[in-house]
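So the structure is just underneath, and the comments pick up after that.
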Amino acid sequence: MLGLYNNMDLNEVAGASFDDKLCGTMTSTNDANFSNDMTTLNNFHHFGDMDPALMSQLSFMEKIIQEPELQVPEPLIKNVVASARLNCPIDLKLVALKARNAEYNPKRFPAVIMRLRDPKTTALIYASGKMICMGAKTVDNAKLAMRKFAKILKHLNFDIKFTDFKVVNLLASVDVKFPVRLEGFLNSKHKMFCTYEPELFPALIYRVVNPKCVALIFACGRVILTGARTIDDINCAFNDLYTVIHEFKKT
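Quick note on this note's numbering: the sequence shown kicks off at 29 and runs consecutively.
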């Protein structure tokens, strides 16, 4: 290896031909040749007169070899909140009297509460014809449940027209598999996005700006995500947040 550098201009190696001349002398970075690569990199660092640009590129290569890529766990959807319009005034007292699994107490809440077993969901039905459904695990199940609620009302002789279905909120949960130093967030550049008052609530509240989402981070490593309206937004927000959480991993 020393003979290689006696016949090679280090400044030329550090330039555009770096990949062809230098990387060609090194073995691949797979598992079988990992030790050879590290030995080669260590030998390079013994050259005290090595060009600074070359040293910088070697340090970057060594960092890639030594640091494995973070494996981000996937959040699981726990609750889908959706809304729709029935385009018909609803007599809530009639629904409470004739429909099964229906509750109505106007003094406590101005909507009929109806429940389904399959898919297991709860609906809030307002006199204006607006309906909100919660409890489904997927968007498809939420839409299916709301159509079933609409069918029940149609059997009660309401002129139902099911329209304007949309997801209002998603709630997801994920475990990062390591404890987290929540106090560390407040002493970092992330403090402007955080609220943490352990006397009132045990989790740190972290507000993700883009995509808009709110995360509840517990010291045990459990994270609850809410506020997003699509699964892609949930995954995108957590992918960015996981790198931040990993910075405050308890060792």
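The beta-carbon is built from N, C-alpha and C at its ideal position, and this holds for glycine as well.
Proximity of the region 183 to 193 to the region 110 to 121 meets the contact definition, three or more beta-carbon pairs being nearer than 8 angstroms. The continuous alpha helix (DSSP H) containing Arg175 extends over residues Val167 to Lys182. Burial check for Phe229: the Cβ neighbour count within 10 Å stays below 16, so the residue is exposed.
By the Cβ rule, the region 162 to 179 does not count as touching the region 201 to 215, because fewer than three pairs are nearer than 8 angstroms. Restricting attention to His183, Ser156, Cys161 and Leu184, the CA atom closest to the CA of Ala173 is found in Cys161. Beta-bridge pairing by DSSP links Ala243 to Tyr234 and Leu253. Under the DSSP definition of a beta bridge, Val195 partners with Ala110. Beta-bridge partners of Arg143 (DSSP): Thr150.
Counted as a single uninterrupted DSSP element, the alpha helix (DSSP H) harbouring Cys264 occupies residues Ile259 to Glu275.
The beta-carbon distance between Thr254 and Asn197, rounded to whole angstroms, is 6 angstroms. This is short enough to meet the 8 angstroms contact definition. Leu199 places its beta carbon less than 7 angstroms from that of Lys106. Counting C-beta atoms within 10 angstroms of its own C-beta, Met142 has 16 or more neighbours from the protein chains shown and is therefore classed as buried. The three-state reading of DSSP puts Lys219 in helix, counting H, G and I together. Sequence-distant partners of Leu104 (beyond 5 residues in either direction) whose C-beta falls short of 7 angstroms from its own C-beta, in its chain, are Ala200, Ser201 and Val202. Rounded to whole angstroms, the separation of the alpha carbons of Cys222 and Val195 is 26 angstroms.
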